[in-house]
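Read top to bottom, the protein sequences are chains A and B. Sequential numbering of the first sequence, starting at 1, is according to full-length UniProt numbering. Sequential numbering of the second sequence, starting at 1, is according to full-length UniProt numbering. Every residue gets a Cβ at the ideal spot worked out from N, C-alpha and C, and that includes glycine. Keep in mind the model is a prediction, meaning the values are calculated, not measured. Taking it in order: structure first as structure tokens, then the write-up.
2 protein chains.
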Amino acid sequence: MLNTEMAEKLKLLGDKTRLTIMGLLKDKEWCVCDLVDILNMSQPSVSQHLRKLKAQGLVKETKRAQWVYYALDIEKDSYIQTILDALPDTESLLFLLKGEYTPCDCK
Amino acid sequence: MLNTEMAEKLKLLGDKTRLTIMGLLKDKEWCVCDLVDILNMSQPSVSQHLRKLKAQGLVKETKRAQWVYYALDIEKDSYIQTILDALPDTESLLFLLKGEYTPCDCK
DNA sequence: TTATCATATAAGTATATAATTATGTGAGAT
DNA sequence: ATCTCACATAATTATATACTTATATGATAA
């Protein structure tokens, strides 16, 4: 794979917030409002991180009702997947970030 | 593995220069003067990149005569190794950077 | 329609990072 | 001892990045 392209993707993953988002998305898709709540960050900040991940083709979005859901968009056998495999699972991430987590009302 | 620690390592790899260095080191150790020549960058700049890689335990250095050689310092089964596996091999990297390469006199 | 909610985007600011220039260090050669 | 050579470190500057505040959009609800 190309050097430059890899560096760009790795730079995106080299941010704690984005890496956490990717880790959460391993398990299931999440809407922006959930991520805002889990990460305890402003909505614009989360949206901007998601935009960057999407621009590099790491996530994809789906609009359903008034919510936008993000999901992983990576190949199972890629080096990206290996990185995500090495991350803590969703439950651990949620515990680290929130102590405990109850979802918002985007069912 | 810990979230934060992974993000720090990935951030280091998310730089074209450092990723190239890691790719070159896949094949064999290199001295600083060779890397300076190959990367076509100033010596202080290369040294600083190497220092960061070393600080995160990604490379190790050996001093022999007046030269300092750097080599990879990663576990074979780590996600880092998977990333490096996805990189172009040394020959491709050298061709991309130099067209062709003749080593300096640190034999 | 208007109001509200979820999200995106834009603009501004503060911090982090990479590169340059200048200088320090330590080993070998003379 | 002095002079280089290979490299490291420090200080500065320029650029990139993340976050905040403010605003826009588009869908739903009233």
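With C-beta atoms as the reference, is residue i less than 8 Å away from residue j?
i	j	result
residue 90 of chain A	residue 26 of chain A	yes
residue 62 of chain A	residue 55 of chain A	no
residue 16 of chain A	residue 86 of chain B	no
residue 29 of chain B	residue 69 of chain B	yes
residue 88 of chain B	residue 3 of chain A	yes
residue 94 of chain B	residue 23 of chain B	no
residue 14 of chain B	residue 10 of chain A	yes
Out of the options, point me to the one whose CA is closest to residue i's CA.
i	options	result
residue 75 of chain B	B/60, B/64, B/68, B/102	B/60
residue 84 of chain A	A/19, A/7, A/96	A/19
residue 66 of chain B	B/31, B/13, B/22	B/31
residue 108 of chain B	B/35, B/64, B/58, B/57	Limits of chain B in this structure are 1 at one end and 107 at the other, which puts residue 108 of chain B out of reach.
residue 98 of chain B	B/21, B/5, B/1, B/40	B/40
residue 100 of chain B	B/73, B/37, B/77	B/37
residue 108 of chain A	A/73, A/64, A/12, A/77	The shown model of chain A, from 1 to 107, leaves out residue 108 of chain A, and the question about it has no answer.
residue 104 of chain A	A/52, A/96, A/33	A/33
In terms of residue numbering, what span does the alpha helix (DSSP H) encompassing residue i cover?
i	result
residue 39 of chain B	32-39
residue 16 of chain B	16-27
residue 8 of chain A	3-13
residue 76 of chain A	Per DSSP, residue 76 of chain A belongs to no alpha helix (DSSP H) and is neither H nor E.
residue 42 of chain B	First-last for residue 42 of chain B: undefined, no H or E at that position.
Under DSSP, the beta strand (DSSP E) around residue i begins and ends at which residues?
i	result
residue 79 of chain B	Not the beta strand (DSSP E): residue 79 of chain B falls in the alpha helix (DSSP H), residues 79-85.
residue 100 of chain A	Note, residue 100 of chain A: premise wrong, no beta strand (DSSP E); not H, not E.
inquiry  = Using a Cβ-Cβ cutoff of 9 Å, what residues of the region 14-38 of chain B are near chain A? List them in chain order.
reply    = 14, 15, 16, 17, 18, 19, 20, 23
Interface residues of the region 34-63 of chain B facing chain A [CB-CB below 9 Å] = Residues: none.
request  = Please list the residues of the region 79-95 of chain B that have a C-beta atom closer than 8 Å to any C-beta atom in chain A, keeping them in chain order.
outcome  = Those would be 79, 82, 83, 85, 86, 87, 88, 93, in chain order.
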